[in-house]
Amino acid sequence: SYLGLVITRQQPQTAGGTMFVTLEDESGYVNLVIWKNVFQRYRPVLLTAAVLGVEGRIQAKDGVVHLVVDHCFKPQLSLKGFRIESRNFR
Numbered sequence: 004s005y006l007g008l009v010i011t012r013q014q015p016q017t018a019g020g021t022m023f024v025t026l027e028d029e030s031g032y033v034n035l036v037i038w039k040n041v042f043q044r045y046r047p048v049l050l051t052a053a054v055l056g057v058e059g060r061i062q063a064k065d066g067v068v069h070l071v072v073d074h075c076f077k078p079q080l081s082l083k084g085f086r087i088e089s090r091n092f093r
């Protein structure tokens, strides 16, 4: 499980519906891979959450580490007074 601020969202047209998200917490960044079926299930949360919680499995290949997401959630936090914006790419 991981919880962090949404820094970027990317869903390139060439990725076949896969979404890529970068989260940040006090220890650094985590890159997420969200397959099309998971994206469709959690679409509202993935497109609107400023803070995102995820569960999944770590995938490491050629020195690159990602978290492949199985489930995600929008935590119940009070963010009044904070301005949190992600950079969204297509």
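To get the working numbering, take the position in the sequence shown, counting from 1, and add 3.
We treat Cβ as the ideally placed atom computed from N, Cα and C, and that holds for glycine.
The structure displayed is predicted, hence computed values, not measured ones.
| Item | Value |
| --- | --- |
| Residue 6 and residue 54 - do their beta-carbons sit closer together than 8 Å? | yes |
| With a floor of 3 residues, list each beta strand (DSSP E) that falls wholly inside the segment 6-57, ordered by position along the chain. | 22-28 and 31-37 |
| Could you tell me the distance, in whole angstroms, from the CA atom of residue 49 to the CA atom of residue 69? | 17 Å |
| Alpha carbon to alpha carbon, how far is residue 25 from residue 32? Give it in angstroms, no decimals. | 7 Å |
| Hey, quick one: how far does the beta strand (DSSP E) through residue 73 stretch, first residue to last? | 67-76 |
| Going by Cα to Cα distance, which pick from 19, 23, 71 and 18 is closest to residue 12? | 23 |
| Could you work out which residue in 78, 64, 46 and 61 is closest to residue 14 when comparing CA atoms only? | 46 |
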